[in-house]
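Colleague: Numbering (the working numbering), first residue to last: 1160 to 1583.
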RNA sequence: GGAGGGUUAGCGUAAUUGGUAACGCACCGGUCUUGAAAACCGGCGCCUUCGGGCUUGGGGGUUCGAGUCCCCCACCCUCCGCCA
């Protein structure tokens, strides 16, 4: 949610930002809404003040056993008027808030302009794209032939867009989760969190997932609980409606969770394999920072995610998303794209964003600076998407004989295994 | 799932059976001190157009006025049942 003061004082900055994002927003009616809300609020507060004064006078008279019927009568009318005014304010409040929630975050000045992903800017590239003496297979063929991936069985259990891993394939997924968490907690200073995977509607709203992304998430039938679409949601809400002491910032959290997404509207996209699933594992990186440091922290967080790919020896590039491709709450986003020989192109494996104070304002997360509380900045990034890392390893490390070499950094987590060969 | 108890500022506790949230600890600032402690003074929830408004888990209701009375909901604790 953007700052309402910005709407009052510098609406042109919002207009300009919305134009860059190619977003349609009716600012005029919001400004009018805010204006009348403030007028009504002022009047009701004045009456409140009078009510407080007179009520005290009534109490004094009653204590002195004097008659106060006149005052009581007058206050009866004031009470009714206040009730009407407050109802009107509540109504305007809600409309205003709903309007504000429709406005995406303002892109940072450094974000490239552009309508879609074709305008994203490659920031840097790492690693050598592997050359094969044979035609490289995609992860589905590699995994199925090795007997470590069984998509048909997954379909039997749950339908399309699920996967089932076996033996070294299941172990590989678990090894990656441990490897990621150990790296981020041990070397990058993050605190490990294991949050609930089912979260309340209130929590979904706190990070801006609802109502906008309700279509993307799964909801359980019996209660107001949702399957977390990303650990970003519970992590953001850990400090919802809190005022943090300044000396606790920055906070670094990392969390492994499965992520559940309905992928509405992506029918026909990436239908083959485990690239786009209703359920996938992810290790998330999350930071609460002061406004002064958040841009530095974004660079560091992105570097933390990149480190994973470097240690695994997977070639990748870093892309700065353009204004048209930017997520709703992000002021700036770097995508990490890993090279997939099976597709002969780079594919997203991590997305690292600075949401500035956008999520914090909505979720009421502040810190005390000097005397006044101020909104923190929140950052999130994948470190990394586990399923897609499996895909990248199977495709980049495949050998002509169909086996897959395990990256050295991962071998301790695989019980010393250095190569996956055909399993029965 | 059943029964009972609870939720007041960071923590711990008050508030005349309705009269407009008090106190202690902790914390911050000041005085004093070589420095510190103690003591004393002030501050010690949020918003504010600086007039004031709001705040007792959340939301309604009754009332001139609700921490207090009524209704709904959430969460926590204890016991029983069930369960990994």
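Ideal placement from N, C-alpha and C gives every residue a C-beta, glycine not left out.
Is the number of C-beta pairs between the region 1265-1272 and the region 1465-1482 that are closer than 8 angstroms three or more?
Modeller: yes
Colleague: Assuming residue 1499 is part of the beta strand (DSSP E), what are its boundary residues?
Modeller: By 1-based counting over the first chain, the position of residue 1499 is 340. It spans 1491-1499 - the beta strand (DSSP E) in which residue 1499 sits, taken as one unbroken run.
Colleague: Determine whether the beta carbon atoms of residue 1349 and residue 1411 lie at a separation below 8 angstroms.
Modeller: Reading the first chain from its first residue, position 190 is the one you call residue 1349. Reading the first chain from its first residue, position 252 is the one you call residue 1411. The answer is yes: Cβ separation under 8 angstroms.
Colleague: What is the DSSP secondary structure of residue 1369, reduced to helix, strand or coil?
Modeller: If you number the first chain from 1, residue 1369 lands on position 210. With a pLDDT of only 49 at residue 1369, under the threshold of 50, the placement of this residue in the model should not be trusted, and no figure is reported.
Colleague: Would you kindly report the start and end of the unbroken beta strand (DSSP E) that includes residue 1511?
Modeller: In the first chain, the residue the question calls residue 1511 occupies position 352. Here the beta strand (DSSP E) through residue 1511 covers 1504-1513.
Colleague: According to DSSP, simplified to helix, strand and coil, what is residue 1262?
Modeller: Locating residue 1262 in the first chain gives position 103, counting from the first residue. DSSP, read as helix, strand or coil, puts residue 1262 in coil.
Colleague: Quick check: the Cα distance between residue 1554 and residue 1503, rounded to an integer number of angstroms?
Modeller: Residue numbering aside, residue 1554 sits at position 395 when the first chain is read from its first letter. Residue numbering aside, residue 1503 sits at position 344 when the first chain is read from its first letter. Each residue's alpha carbon lies about 10 angstroms from the other.
Colleague: Kindly give me the distance between the Cβ atoms of residue 1323 and residue 1331, rounded to whole angstroms, as I take these residues to be in contact under 8 angstroms.
Modeller: Translated into the one-based positions of the first chain, residue 1323 becomes position 164. Translated into the one-based positions of the first chain, residue 1331 becomes position 172. Going by Cβ atoms, the distance from residue 1323 to residue 1331 rounds to 13 angstroms, so no, they are not a contact pair.
Colleague: Mind the definition here: the region 1353-1364 touches the region 1376-1387 only if three or more C-beta pairs lie below 8 angstroms; say whether that holds.
Modeller: yes
Colleague: Could you tell me the distance, in whole angstroms, from the CA atom of residue 1563 to the CA atom of residue 1307?
Modeller: Taking the first residue of the first chain as position 1, residue 1563 is located at position 404. Taking the first residue of the first chain as position 1, residue 1307 is located at position 148. C-alpha separation (whole angstroms): 11 angstroms.
Colleague: Flag this pair as touching only if the region 1504-1514 and the region 1461-1479 have three or more C-beta atom pairs under 8 angstroms; answer yes or no.
Modeller: yes
Colleague: Are the beta-carbon atoms of residue 1131 and residue 1258 separated by less than 8 angstroms?
Modeller: Residue 1131 falls outside the range modelled here, since the chain spans only 1160 to 1583, and no answer is possible.
Colleague: Using the Cβ count rule (16 or more neighbours within 10 Å means buried), how would you classify residue 1447?
Modeller: Residue 1447 sits at position 288 when you count from the first residue of the first chain. Here residue 1447 is buried. Its C-beta has 16 or more other C-beta atoms within 10 Å.
Colleague: Count the other CB atoms within 10 Å of the CB of residue 1571; is the residue buried (16 or more) or exposed (fewer)?
Modeller: For the purposes of this step, residue 1571 is taken as the residue at position 412 of the first chain. Result: exposed.
Colleague: Looking at C-alpha atoms only, which residue of 1551, 1566, 1576, 1580 is the closest neighbour of residue 1297?
Modeller: Numbered from its first residue, the first chain carries residue 1297 at position 138. Closest option to residue 1297, Cα to Cα, is 1551.
Colleague: Nearest-angstrom Cα distance between residue 1568 and residue 1290?
Modeller: Stepping through the first chain from its first residue, residue 1568 is reached at position 409. Stepping through the first chain from its first residue, residue 1290 is reached at position 131. Whole-angstrom Cα-Cα distance: 22 angstroms.
Colleague: Would you call residue 1433 buried or exposed, if buried means 16 or more other Cβ atoms sit within 10 Å of its Cβ?
Modeller: As a working mapping, residue 1433 is identified with position 274 in the first chain. Buried, by the Cβ-count rule.
Colleague: By Cβ distance, which residues of its chain are closer than 8 angstroms to residue 1166, with the 5 residues on each side in sequence left out?
Modeller: Against the first chain, residue 1166 aligns to sequence position 7. Closer than 8 angstroms at Cβ, skipping near neighbours: 1173, 1186, 1189, 1190, 1193, 1259.
Colleague: Report the option in 1579, 1485, 1573 whose CA atom is closest to the CA atom of residue 1280.
Modeller: Taking the first chain and counting its residues from 1, the one referred to as residue 1280 is at position 121. The candidate whose alpha carbon is nearest that of residue 1280 is 1485.
Colleague: Taking the alpha-carbon of residue 1418 as reference, which of 1407, 1477, 1436 has the nearest alpha-carbon?
Modeller: Mapped onto the first chain, residue 1418 falls at position 259. Nearest option by C-alpha distance: 1436.
Colleague: Quick one: what does DSSP say residue 1322 is sitting in, helix, strand or coil?
Modeller: Reading the first chain from its first residue, position 163 is the one you call residue 1322. For residue 1322, the three-state secondary structure derived from DSSP is coil.
Colleague: Need the endpoints of the beta strand (DSSP E) that residue 1391 sits in, please.
Modeller: What you label residue 1391 is simply residue 232 of the first chain in a count that begins at 1. Note, residue 1391: premise wrong, no beta strand (DSSP E); alpha helix (DSSP H) at 1391-1396.
Colleague: Classify residue 1545: buried if its beta carbon has 16 or more other beta carbons within 10 angstroms, exposed otherwise.
Modeller: Walking along the first chain from the start, residue 1545 turns up at place 386. Flag for residue 1545 reads buried.
Colleague: Is it the case that the Cβ atoms of residue 1575 and residue 1305 are separated by a distance below 8 angstroms?
Modeller: Counted from its first residue, the first chain places residue 1575 at position 416. Counted from its first residue, the first chain places residue 1305 at position 146. No Cβ-Cβ contact shorter than 8 angstroms links residue 1575 with residue 1305.
Colleague: Suppose you measure from the CA of residue 1270 to the CA of residue 1283; what does that come to, to the nearest Å?
Modeller: Here the question's residue 1270 lines up with position 111 in the first chain. Here the question's residue 1283 lines up with position 124 in the first chain. Rounded to the nearest angstrom, the two C-alpha atoms are 15 angstroms apart.
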